[in-house]
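Trainee: Be aware that the sequence shown starts at 1, since it is given in UniProt numbering, and climbs by one per residue.
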Amino acid sequence: MKKILIADDDKSIRFLLEFSFTQENFEVITVEDGKMAYELAKTDAFDAIVLDLMMPGYTGIEVSQKLRQKSIFTPILILTAKDDADTMIKGLEGGADDYMYKPFSTVEIITRIKSLIRRSKNYKQSQSKIFTIDDLKVDFNKKQVFIANKEILLTKREFELLSYLIANQNTPVSRAEVLEKFWGDSTDLGYTRIVEVHMSKLREKIEVDPKNPEYIKTKRGFGYVFKGNED
1 MKKILIADDD
11 KSIRFLLEFS
21 FTQENFEVIT
31 VEDGKMAYEL
41 AKTDAFDAIV
51 LDLMMPGYTG
61 IEVSQKLRQK
71 SIFTPILILT
81 AKDDADTMIK
91 GLEGGADDYM
101 YKPFSTVEII
111 TRIKSLIRRS
121 KNYKQSQSKI
131 FTIDDLKVDF
141 NKKQVFIANK
151 EILLTKREFE
161 LLSYLIANQN
171 TPVSRAEVLE
181 KFWGDSTDLG
191 YTRIVEVHMS
201 KLREKIEVDP
211 KNPEYIKTKR
221 GFGYVFKGNE
231 D
């Protein structure tokens, strides 16, 4: 049985999500503030976590940041009533894996959580594999990235995206493909923006000039291409 932690100061939302996930055979733990969520997530094993953005104690973003700093990479989805790009970007930069606006569809949030759990369970890197090109080195086994022998810290999702692009190097990967693989099949514009945000942050971390990328290029009309080693 999958176990999920839900943190929201709105009792009606906690009840709705607890009922909906219980119907899907999840074990559901609910709390009403961020500090309680953080303490539970530190000491108990969850398959996924749903966090309200604005709640007492710690915000959803603060909880995400604190968990990632503790090297706890449980999939996190943030819920918010704030429909703006800046808030979404802050949440994703803070370590969240997905983002949904209120009001939301219980069917969609369940689908997204199941997708996050599935990817988290199935995501495996090739054993003892190291990829190098120019000054970039990626150690898939240790999940480390280096530029000119200096380690670059990526979030779990950023590392997954980079690994996926490298696995498909020199082949265009569409935004829709990336969205479906990592965030489900939603075509909502708010979610397609997630791909752009993550790619932008990834470029900022591994490219010398993010506006003129050397590795992660955009091929107009096709998508993203990792310019890798030629066979």
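All C-beta atoms, glycine included, are put in the ideal place defined by N, C-alpha and C.
Below 8 Å CB to CB, which residues in the same chain sit around residue 70 once its five sequence neighbours on both sides are set aside?
Mentor: Closer than 8 Å at Cβ, skipping near neighbours: 42.
Trainee: Excluding sequence positions up to five away, which residues of its chain have a Cβ less than 7 Å from the Cβ of residue 184?
Mentor: Once the five neighbours on either side are set aside, the close Cβ partners of residue 184 are 111, 112 and 115.
Trainee: Taking the DSSP output, what are the residues bridged to residue 224?
Mentor: According to DSSP, which records beta bridges pairwise, residue 224 is partnered with 173 and 218.
Trainee: Are residue 201 and residue 151 closer than 8 Å when you measure CB to CB?
Mentor: No, the pair does not count as a contact, with Cβ atoms beyond the cut-off.
Trainee: Report yes if the CB atom of residue 214 is closer than 8 Å to the CB atom of residue 205, and no otherwise.
Mentor: Taking 8 Å as the Cβ cut-off, residue 214 and residue 205 do not qualify as a contacting pair.
Trainee: On the DSSP letters alone, give me the boundaries of the beta strand (DSSP E) that residue 27 sits inside.
Mentor: Looking at the DSSP string, the run of the beta strand (DSSP E) that includes residue 27 is 26-31.
Trainee: Which residue comes first and which comes last in the alpha helix (DSSP H) that contains residue 130?
Mentor: That residue, residue 130, is in no alpha helix (DSSP H); its beta strand (DSSP E) goes 130-133.
Trainee: My parser needs the beta strand (DSSP E) runs of 3 or more residues fully inside the segment 67-130; what are they?
Mentor: Listed in chain order, the complete beta strand (DSSP E) runs (minimum 3 residues) inside the segment 67-130 are 76-80 and 98-101.
Trainee: Report the partner residues of residue 5 according to the DSSP bridge assignment.
Mentor: BP columns for residue 5 point to 29 and 49.
Trainee: Anyone know if the C-beta pair for residue 91 and residue 99 falls short of 8 Å?
Mentor: In this structure, residue 99 lies closer than 8 Å to residue 91 by Cβ.
Trainee: Thinking C-alpha only, which one of 140, 47 and 208 is nearest residue 134?
Mentor: Closest by alpha carbon: 208.
Trainee: Look at the alpha carbon of residue 221 and the alpha carbon of residue 176, and state the distance between them as a whole number of angstroms.
Mentor: Taking the straight line from one Cα to the other gives about 12 Å.
Trainee: Residue 151 lies in the alpha helix (DSSP H); which residues open and close that run?
Mentor: Counting along the chain, residue 151 falls outside any alpha helix (DSSP H), though it belongs to the beta strand (DSSP E) covering 150-152.
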